[in-house]
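Report on one structure; see the data block that follows.
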Amino acid sequence: MKKLLTTLLLSYSLMVCAQKKQINKEDIMNEESIKKVTNIYNQVKRYKYNPSYTLHIEKAANFTFEVLVNDYPMFIEYNPHVMSGSKPINHAILKPGKQKLTIRMTPPVDKEYNMGHEIDMENITLKLSINYGEYVLQKVSEFKEALRYELPQQKGKLPYYEVNLEFDAIAPYQNDIEGWQNGVDLTKEDKDKLLKEVEDFYKELIKYYDAKDVNALASKYYKRQFEIAQSHYQTKIYDSQIVVDAWMKNVNDTKPFIFNQYVMRFFGNGKMVALVKTDKYYINYSSLMREDAKGNYTYYGLMLHRPKPGAPLEVIR
């Protein structure tokens, strides 16, 4: 069985192998883009009310699935076990009002990650909730529910099942982040040209990691890091420094990339694009992935968008 060796930080840091001598933090902290990233906490605004939204998968059993908030993937689960977990979702909420939650359910897999042909609908369980409140000023037990859902009893067998829900959210940071909402609809572009551009972008990132060029990575990911920090009200210096700490660890990792077996997928209602894996062990995981000979692997989420017609692709999530 494959072994996931990385903790997926909220910083959405990316990781790549390198053969060169390991670099130390003191080697890079004075570089321009790194200083800009470590200063993000000083740019983040606080508001009269700063709600944090968390999606809780209380139980999901006997199927595999993706959970998306506003067509942005929050959970991707293809492991053969009963699953539960929680994730903060503010970075997928770009403006206040109605938000969309989608659960795409597919057949379960066996211990070798071979997917079945059907979901036994009578044998599945799905319970989830979304709560919100302001950390520090409120106890978690005082948070309110934006949504609670339990899948009703089903019958029969299906190859696919989708649940579409809505919940209301407050986004006080709406005027301070843009996200992908005003970007180009990439589904209308020439698919072959777009695929080549996306592949070249991924390959450029791999070169930066191989060269241990953390400053170049900081430049590429600044907008994403700022928007994540702002949407989660991260105003402590630690919140910004931990991003660079993660990049340091990432570039010093030695597992090789396996940049193959992928397909281009669109997210954010066509305004984001990513390359996702197609092989059974990693299906729909980011293709920016490394694996060693023992099957230990890491993968790193990456979403690109085009902010305006004719502009180059940029990292947005």
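Those letters in the sequence shown? Residues -18 to -1, 1 to 299, per mature numbering (1 follows the signal peptide of the UniProt record, and there is no 0), in order. Heads up, the beta-carbon is just placed ideally off N, CA and C, and yes, glycines get one too.
| Item | Value |
| --- | --- |
| Measure the Cβ-Cβ separation of GLN216 and ILE159 and say whether it is below 8 Å. | no |
| Taking the alpha carbon of TYR190 as the reference point, which residue from PHE239, ASP182, LEU199 has its own alpha carbon closest? | LEU199 |
| In whole angstroms, what separates the C-alpha of VAL233 from that of ILE224? | 14 Å |
| Buried or exposed for HIS73, please, with buried defined as at least 16 other CB atoms from any protein chain shown within 10 angstroms of its CB. | buried |
| Are THR84 and PHE45 touching if we call contact CB-CB under 8 Å? | no |
| Tell me the rounded alpha-carbon separation between PHE125 and ALA153. | 16 Å |
| With DSSP as the reference, label LEU37 as helix, strand or coil. | strand |
| Name, in chain order, the residues that DSSP records as bridge partners for LEU140. | ILE101 |
| Is the Cβ of ASN146 closer than 8 Å to any Cβ of chain B? | In the displayed structure, chain B is absent; only one protein chain is listed. |
| If TYR204 and VAL19 are in contact, beta carbons under 8 Å, what's the gap, nearest whole angstrom? | 6 Å |
| If we ignore side chains and look at the alpha-carbon of each, how far apart do GLU171 and PHE183 end up? | 17 Å |
| Between the Cα of SER66 and those of GLY79, VAL49, GLN81, ASN105, spot the shortest distance and give me the residue it belongs to. | VAL49 |
| Cα separation between LEU(-10) and SER123? | Its pLDDT being 37, under 50, LEU(-10) is placed unreliably by the model, and the measurement read from it follows with that caveat. Cα to Cα, LEU(-10) sits roughly 24 Å from SER123. |
| Helix, strand or coil for ASP92? Go by DSSP, reduced to three states. | coil |
| Can you give the Cα-Cα distance for LEU176 and GLN163, rounded to whole angstroms? | 19 Å |
| Taking the beta carbon of PRO294 as the centre, do at least 16 other beta carbons fall within 10 Å, making it buried, or is it exposed? | exposed |
| Kindly list the residues whose CB is nearer than 7 Å to the CB of GLU273, restricted to its own chain and excluding five residues on each side of it in sequence; keep chain order. | LYS237, ILE240, TYR279 |
| Less than 8 Å separating the beta-carbons of GLU40 and LEU110? | yes |
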